[in-house]
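For any residue, its number in our numbering is found by taking its place in the sequence shown, counting from 1, and adding 7. In this text, a Cβ means the ideal position worked out from N, Cα and C, and glycines have one as well. Fair warning: this is a prediction, and the values are worked out from it, not measured in the lab. Heads up: the structure comes next, in structure tokens.
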Amino acid sequence: MIKFLFISSCCLFFINCAAQKTTPIKAPAVIVRKHHPVKVLNCWQQLDIEKDTMAGTSLQRAYKEILKNKKGKEIIVAVIDTDIDIHHEDLKSSIWVNKDEIPNNGKDDDNNGYIDDVNGWNFLGTVKGESMIYANTEPTRVLKSLKKKYPNFPVFNGNKKDSLLYLIATNEYAQDKDFMIYLRKYAVENLTKYRESEKGLMQKFNKTKFTLSELDSLYFKNKKDSSLTDNIIYMRMFTRLGKDYNSLKNDSIKVEDKLRTTYNEAFYDRLITGDNEFDFKDTHYGNNNVYKNATWTYHGTIVSGVIGANRANKIGIEGFSDQIKIMPILAIPSGGYEHDKDVALAIRYAVDNGAQIINMSFGKTMSLYPELIKEAFLYAEKHNVLLVAGSGNDSSDNDIKPFYPIDYDETTEVEFCNNFIKVGAVALDCDTYFLADFTNYGKKTVDVFAPGFFLKTTDAEAGYSYRDGTSMASPIVAGVAALVWSYYPKLSATQLKQIILESGVAYNIDVQVPGKKEGTLKPFSSLSKSGKVVNAYNALLMAEEYNKK
């Protein structure tokens, strides 16, 4: 891999800042987390390690100490994802509007090839306004392509590469399907647990609806009653996720839908889009409906809230800046894996329509057409666009098992672009379990970590909910990048990436390695390139030094 070039003026940066009111944030040698009420934890990703003992981005502190009485420039962040609830109370003012397009006149007013793309584009849509919700997994597609290629499948006529590909795809297919079968069982159990918890709480308190704070209080007051505390714990979990019985029932239906479609080789997921999935010049398909299935697909909305929720309306949550405009681009199915073609076109659409940052909270362990993604990455780099993606939620080492999309050649392990940031997730406590237990990691392939556990965000179905995942960590970094670029627009995407990695906060602790035997510890600094957690405060200070050059 190309070694990350550290900033030659780093020492000067710290010396200069020391003479000012603002100095770079560092993690204390010993960190004992203060007790914070749920109301404070609702935005822990914006808190500060020095003042709040939370490994957040220090965003609130940055607004008080650095950005007070300053105003940044508008910046467009494309969110390549599922449907986004563009009418959500905390998002509607933050949605990008294509001012060169006249709404609903059936014409391509700006001549960009996409009709009525007022708020973005849906690469999973049809001319009839429908949208693909489920798609095959990548292993399913690989197996289908091999069967088509070899009449005597699985006899590969001595082709060792395809033979190995078959073994990998078969293994991945089995693992994916086993996990989905587990989720089916889990979904059914959740329905039962919800009813039992609801019944137990009704008998004891004559009500079933509680806030998280109320449930926490009830738990501590009734610790000796194990059956009651079990009910409280389960109801707390459901409340955190914004779930009631009906939404849990929908979750069960979704699992059955995925088993019926995503792992079914007879299911053809391109039937409704009408494009030729093997013709990469067939690019103008889809529709302009970016929100129709938002309550069912949910993911795009929870990602968007982390980045750009309204900061001024005093409701819900706060994103990173009110100068951020979210550009919705649908390319990710709710079940199954994204097509490389859709993702590549989504990146190009974002670049061509003015996005400066692209968030990609998705990924997969196999890729049929990685060259399409490489070309799109290089296209974005050429146009000074920063790409941010999650590292994956498989508790695995990305240095050993790639999690696509990637920014390096798999044969040479050399990076082909320098505008891409891969993000892992950390949890609430700066202790042995600092890394979220689900996060992927990698000294060579994961750039930086960010908060990705217990984040309150916008939800198309529940209004707001608490979510975990590198899908949450990635928009944290995208948000920090957008904030910095808003105030320092002359930075290049490469410089911005460098600032984000360099200016993060280092934590000198040994952590449990996700997916490994309990007690398998490694220094936190050894699990990513930077060895740090992203920090908005420090990034702004470093950007100021760049601005002086």
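Subject >> Pick from Gln519, Cys424 and Phe287 that is closest to Lys504, judged by C-alpha positions >> reply: Within the sequence shown, the letter at position 497 stands for residue 504. The option with the nearest alpha carbon to Lys504 is Cys424.
**OP:** Using 10 angstroms around the beta-carbon of Ile380, count the other beta-carbons present and answer buried if the total reaches 16, otherwise exposed.
**Re:** Residue 380 sits at position 373 when you count from the first residue of the sequence shown. Counting Cβ neighbours within 10 Å, Ile380 comes out buried, since at least 16 surround it.
Subject >> Exposure of Glu420, with buried meaning 16 or more beta-carbon neighbours within 10 Å >> reply: Numbered from 1 along the sequence shown, position 413 holds the residue referred to as residue 420. Exposed, by the Cβ-count rule.
**OP:** Name the residue from Leu534, Glu96, Lys216 and Asp107 whose alpha carbon lies nearest to the alpha carbon of Leu442.
**Re:** The residue given as residue 442 occupies position 435 in the sequence shown. Minimum Cα distance to Leu442 is reached at Leu534.
Original post:
Apart from the five residues on each side of it in sequence, which residues of its chain come closer than 8 Å, Cβ to Cβ, to Tyr553?
Top reply: Stepping through the sequence shown from its first residue, residue 553 is reached at position 546. Answer for Tyr553: Tyr495, Leu498, Gln502 and Ile506, listed in chain order.
**OP:** For Ile122, collect the residues of the same chain with a Cβ closer than 6 Å to its Cβ; drop the 5 residues on either side in sequence, then sort them by chain order.
**Re:** As a first step, residue 122 is located in the sequence shown; it is residue number 115 there, counting from the start. So the qualifying residues of the chain are Asp115.
Original post:
Cβ-heavy atom distance between Asn112 and the ligand ATP below 7 Å?
Top reply: Judged by which ligands are present, the structure shown has none, so any question about the ligand ATP falls away.
Original post:
What distance in whole Å lies between the Cβ atoms of Thr280 and Thr133, which are believed to be in contact at a cut-off of 8 Å?
Top reply: Working through the sequence shown from its first residue, we reach residue 133 at position 126. Working through the sequence shown from its first residue, we reach residue 280 at position 273. Indeed, because the Cβ distance is near 6 Å, the residues count as touching under 8 Å.
Original post:
In its own chain, which residues sit with a C-beta less than 7 Å from the C-beta of Lys151, not counting the 5 before and 5 after it?
Top reply: Position 144 of the sequence shown, counting from 1, holds the residue named residue 151. Excluding positions up to five away in sequence, the list reads Glu272.
Original post:
Exposed or buried, which one is Glu7 when buried takes at least 16 other CB atoms within 10 Å?
Top reply: Here the chain comprises residues numbered 8 to 556, so residue 7 is not present and cannot be evaluated.
**OP:** Go ahead and label Glu525 buried or exposed: buried means 16 or more other beta carbons lie within 10 angstroms of its beta carbon, across all protein chains shown.
**Re:** Your numbering for residue 525 matches position 518 in the sequence shown. Counting Cβ neighbours within 10 Å, Glu525 comes out exposed, since fewer than 16 surround it.
Subject >> Contact between the region 302–310 and the region 212–223 (3+ Cβ pairs under 8 Å) >> reply: Result no; under three Cβ-Cβ pairs closer than 8 Å.
**OP:** Quickly, what does DSSP pair Met334 with across the bridge? List them, please.
**Re:** Taking the first residue of the sequence shown as 1, we reach residue 334 at position 327. The partner list for Met334 (beta bridge, DSSP) reads Ala85.
**OP:** Would you decide whether Arg267 is buried or exposed? Buried here means 16 or more other CB atoms lie within 10 Å of its CB.
**Re:** The sequence position of residue 267 within the sequence shown is 260, counting from 1. Burial call: exposed.
Original post:
Going by Cα to Cα distance, which pick from Ala383, Leu393 and Phe369 is closest to Gln363?
Top reply: In the sequence shown, residue 363 corresponds to position 356, counting from 1. Shortest Cα-Cα distance from Gln363 to any of Ala383, Leu393 and Phe369 involves Leu393.
Original post:
According to the neighbour-count rule (16 or more other Cβ atoms, all chains shown, within 10 Å of its Cβ), is Arg318 buried or exposed?
Top reply: As a first step, residue 318 is located in the sequence shown; it is residue number 311 there, counting from the start. Burial call: buried.
Original post:
By DSSP, does Gln519 sit in helix, in strand, or in coil?
Top reply: Residue numbering aside, residue 519 sits at position 512 when the sequence shown is read from its first letter. Gln519: strand per DSSP, three-state reduction.
Original post:
Nearest-angstrom Cα distance between Leu278 and Asn391?
Top reply: Position 271 of the sequence shown, counting from 1, holds the residue named residue 278. Position 384 of the sequence shown, counting from 1, holds the residue named residue 391. Answer to the nearest angstrom: the Cα atoms are 35 Å apart.
Original post:
To the nearest angstrom, how far is it from the Cα of Cys437 to the Cα of Pro31?
Top reply: Stepping through the sequence shown from its first residue, residue 437 is reached at position 430. Stepping through the sequence shown from its first residue, residue 31 is reached at position 24. Distance between the alpha carbons of Cys437 and Pro31 is about 19 Å.
**OP:** Within its chain, find whatever has a CB closer than 7 Å to the CB of Arg148; leave out the 5 residues flanking it on each side and keep chain order.
**Re:** Working through the sequence shown from its first residue, we reach residue 148 at position 141. Excluding five sequence positions before and after Arg148, the CB atoms of its chain that fall closer than 7 Å to its own CB belong to Leu375, given in chain order.
**OP:** Please report how far the alpha carbon of Asp329 lies from the alpha carbon of Val84, in whole angstroms.
**Re:** For the purposes of this step, residue 329 is taken as the residue at position 322 of the sequence shown. For the purposes of this step, residue 84 is taken as the residue at position 77 of the sequence shown. Distance from the CA of Asp329 to the CA of Val84, rounded to the nearest whole angstrom, comes to 12 Å.
Subject >> Per DSSP, cross-strand counterpart(s) of Asn129 >> reply: Sequence index remark: in the sequence shown, residue 129 carries index 122 (1-based). Beta-bridge pairing links Asn129 to Asn294 and Leu337.
**OP:** Helix, strand or coil for Ile365, going by three-state DSSP, please let me know.
**Re:** Within the sequence shown, the letter at position 358 stands for residue 365. Note: Ile365 maps to strand in three-state DSSP.
Original post:
If Glu137 and Val125 are in contact, beta carbons under 8 Å, what's the gap, nearest whole angstrom?
Top reply: Mapped onto the sequence shown, residue 137 falls at position 130. Mapped onto the sequence shown, residue 125 falls at position 118. The beta-carbon separation of Glu137 and Val125, rounded to 19 Å, does not stay under the 8 Å limit for a contact.
Subject >> CA-to-CA distance, Leu548 to Tyr70, given in whole angstroms >> reply: Numbered from its first residue, the sequence shown carries residue 70 at position 63. Numbered from its first residue, the sequence shown carries residue 548 at position 541. Here the alpha carbons of Leu548 and Tyr70 stand approximately 12 Å from one another.
Subject >> Beta carbon proximity, Phe287 to chain C, threshold 8 Å >> reply: The chain inventory of the structure shown lacks chain C, comprising one protein chain alone.
**OP:** Buried or exposed for Ser234, please, with buried defined as at least 16 other CB atoms from any protein chain shown within 10 angstroms of its CB.
**Re:** Translated into the one-based positions of the sequence shown, residue 234 becomes position 227. Around the beta-carbon of Ser234, fewer than 16 other beta-carbon atoms lie within 10 Å, marking it exposed.
Original post:
Quick check: the region 445–454 against the region 403–410, are there 3 or more CB pairs under 8 Å?
Top reply: They touch, by the three-pair rule.
**OP:** Taking Ile260 as the reference, give the member of Ala194, Asp237 and Lys80 with the closest Cα.
**Re:** Against the sequence shown, residue 260 aligns to sequence position 253. Cα-wise, what sits closest to Ile260 is Ala194.
**OP:** With a threshold of 16 other CB atoms inside 10 Å of the CB of Phe13, please say whether the residue is buried or exposed.
**Re:** Walking along the sequence shown from the start, residue 13 turns up at place 6. Any reading at Phe13 needs caution, since the residue's pLDDT is 31, under 50, leaving its predicted position unreliable; the model's value is listed next. Only exposed fits Phe13, as fewer than 16 other CB atoms lie within 10 angstroms of its CB.
Original post:
What are the boundary residues of the beta strand (DSSP E) that includes Val37?
Top reply: As a first step, residue 37 is located in the sequence shown; it is residue number 30 there, counting from the start. Annotation: Val37 is outside any beta strand (DSSP E) and is labelled neither H nor E by DSSP.
Original post:
From this set, Trp128, Asp92 and Pro44, which residue's C-alpha is nearest Ala301's C-alpha?
Top reply: As a working mapping, residue 301 is identified with position 294 in the sequence shown. Residue Asp92 holds the alpha-carbon nearest to the alpha-carbon of Ala301 among Trp128, Asp92 and Pro44.
Subject >> DSSP three-state assignment for Ile102, whether helix, strand or coil >> reply: In the sequence shown, residue 102 corresponds to position 95, counting from 1. Strand, per DSSP.
Original post:
From Ala25 to Ala500, what does the alpha carbon distance come to, in whole angstroms?
Top reply: Residue mapping note: residue 25 aligns to position 18 of the sequence shown, counting from 1. Residue mapping note: residue 500 aligns to position 493 of the sequence shown, counting from 1. Annotation note: pLDDT 38 at Ala25 (below 50); position unreliable, no value reported.
Subject >> Residues near Leu352 in its chain [Cβ-Cβ closer than 7 Å; skip 5 each side] >> reply: By 1-based counting over the sequence shown, the position of residue 352 is 345. Short of 7 Å from the beta carbon of Leu352, and not among the five residues preceding or following it, lie these beta carbons of its own chain, in chain order: Phe130 and Thr290.
Subject >> Stretch pair the region 320–327 + the region 456–475: three plus CB contacts closer than 8 Å >> reply: Enough Cβ pairs lie closer than 8 Å, so yes.
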